[in-house]
Amino acid sequence: MAKTIVGLYDDRATANKVVNDLEGRGFGEDHLRYASNEKGTRSTYEVDAKKGATPDALTGYGVPDDEANFYAEAVRRGGSLVIARVHDQDAETAADIMARHNPVPFGERDYDTYETDADVYTGKQIVEERERYADQAQARFQEIQEQLKIGKREVVRGGVRVHKYVDTDVVEETLRLREEHIDVDRRKVDRALSPEEADAAFREDEIELTERAEEAVVSKEARVVGEVAVGKETNYREETVGGEVRSTRVEVEETGGRGATSGVTWVEVEPALHKHYESSYKGKNDYSYYEPAYRYGYEMGADKRYRDRDFKTAEADLRKDYVKRHDEGMWEETKDAVREAYNNVRRAF
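Numbering that gives the first Met the number 0 puts the first residue of the sequence shown at 0, with every later residue one more than the last.
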């Protein structure tokens, strides 16, 4: 069964490199299709961008219906499209070659609708379109640090409210009051007056008597009998405050991968591994059967965890890890391939 592998690239030059790499691995006219409206050296497998890169044409090459609009619109805007129609056993190889050149992931850009009647982009528009998406090619990780800000704020801790009320009480006291009354007592008397008394008796005379009495008098006088003083006292105290702050660090760790630490790429080392296959495995299985083992040995040989270990001292750990990914039988069958790639990469240090 055949599989369709698709790679979209921003420029023709990169797409041409992909095609050359695919050709180097034996893929040819029966497998490859190429579409681009950017000016440049045409590829042997290139189709007309206006007719051969429409959604209908792309589905005819095996591109899924739900992806055809995206890739057709990308070509109209200046992208370069590489399509490889390969057998199942070659699909991983073709996909790996395309992945090395950083293709634009499907759906990453707003190319959902193919504008059928729109003209293809001019050279100037293509440049503007690339600049528009240039930043998306970079993964950005921010280093963030929290800062602790310490200050003061006034808060209400409590207080008092003072009310003044007027209370009325009845105060009573018993007084002893004095009253005067005049009594007139007339009595009959029969007595002779002496000449002196007679002279005095017939002189006119008058006396006045006044009756007096005491009465209760009530008056009020406001007197201060107590005070309530309300005030505030300000005190100061020292308090140590703090808290945890977080920060992020971005550490970049080199891994083996595609020769990141070894200085040798997979493309550079693979010809030697093909020769090893020809001498050791040819006639048993195709190269694609042993390629995962070669790749594993290549990646582990470049991994800094094994930098100071030859294959013999690292074999136990490599076997344990390899079996997790495959099975016990595959290790015994392909161990020589792992060893060859491992040693080949280490010789590049």
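Even for Gly, the Cβ is constructed at its ideal location relative to N, Cα and C.
These numbers were taken from a predicted model, which means no experiment stands behind them.
Proximity winner among Thr247, Pro104, Lys323, Glu171, relative to Leu80 (alpha-carbon distances): Of the residues Thr247, Pro104, Lys323, Glu171, the one whose Cα lies closest to the Cα of Leu80 is Pro104.
Cα-Cα, which of Ala73, Val227, Val165 is closest to Gln352? Lying outside 0 to 348, the shown extent of the chain, residue 352 is not represented and no answer is given.
Of the listed residues Glu243, Val159, Thr173, Val268, nearest to Lys148 (C-alpha basis): Checked all of Glu243, Val159, Thr173, Val268; the closest Cα to Lys148 is Glu243.
Could you tell me which of Ser35, Ala315, Thr43 sits nearest to Lys50, measuring between CA atoms? For the residues Ser35, Ala315, Thr43, the minimum Cα distance to Lys50 belongs to Ser35.
Buried or exposed by the 16-neighbour rule on C-beta atoms within 10 Å, applied to Asn101: Counting Cβ neighbours within 10 Å, Asn101 comes out exposed, since fewer than 16 surround it.
Can you check the region 168–207 for any alpha helix (DSSP H) of at least 4 residues that lies completely inside it and give the ranges in chain order? Entirely contained in the region 168–207, the alpha helix (DSSP H) runs reaching 4 residues are, in chain order, 194–200.
Roughly how far, in whole angstroms, is the beta-carbon of Ile4 from the beta-carbon of Ala71, given that I think they are within contact range, below 8 Å? Going by Cβ atoms, the distance from Ile4 to Ala71 rounds to 17 Å, so no, they are not a contact pair.
Mind checking whether Tyr293 and Leu317 have CB atoms under 8 Å apart? The answer is no: Cβ separation not under 8 Å.
Which stretch, first to last residue, makes up the beta strand (DSSP E) that contains Ser79? Unbroken beta strand (DSSP E) run through Ser79: 79–86.
Using DSSP bridges, identify the partner residues of Tyr120. According to DSSP, Tyr120 bridges with nothing at all.
Checking 8 Å against the spacing of the C-beta atoms, do Glu128 and Arg75 come in under that value? In this structure, Glu128 lies away from Arg75, with their beta-carbon atoms at least 8 Å apart.
For a quick check, are the C-beta atoms of Arg245 and Glu145 less than 8 Å apart? A contact, by the Cβ cut-off of 8 Å.
Applying the criterion that 16 or more other CB atoms from any shown protein chain within 10 Å of the CB defines a buried residue, is Asn342 buried or exposed? Under a 10 Å Cβ-count criterion, Asn342 is classified as exposed, with fewer than 16 other Cβ atoms of the shown protein chains found around its own Cβ.
Flag this pair as touching only if the region 195–210 and the region 167–175 have three or more C-beta atom pairs under 8 Å; answer yes or no. Taking a cut-off of 8 Å on C-beta distances, the region 195–210 does not touch the region 167–175, as fewer than three cross pairs fall below it.
So what's Thr112 in DSSP terms, helix, strand or just coil? Coil, per DSSP.
Excluding sequence positions up to five away, which residues of its chain have a Cβ less than 8 Å from the Cβ of Glu28? Only Thr43, Tyr44 meet the Cβ criterion.
Please say whether Ala340 and Gly300 have beta carbons closer to each other than 8 Å? It is a contact, given that the beta carbons lie within the stated cut-off.
Taking all protein chains shown into account, decide if Thr53 is buried (16 or more other Cβ within 10 angstroms of its Cβ) or exposed. Flag for Thr53 reads buried.
Label Arg41 either buried or exposed according to how many other C-beta atoms from any shown protein chain fall within 10 Å of its C-beta, with 16 as the threshold for buried. In the assembly as shown, Arg41 is an exposed residue. Its beta-carbon has fewer than 16 other beta-carbons within 10 Å.
Segments of 3+ residues assigned as beta strand (DSSP E) that fall wholly inside the region 205–247: Qualifying beta strand (DSSP E) stretches: none in this window.
In the structure shown, what three-state DSSP assignment does Gly6 receive? Of the three classes helix, strand and coil, the one that applies to Gly6 here is strand, per DSSP.
Can you pull the DSSP bridge partners for Ser287? Ser287 is not bridged to any residue.
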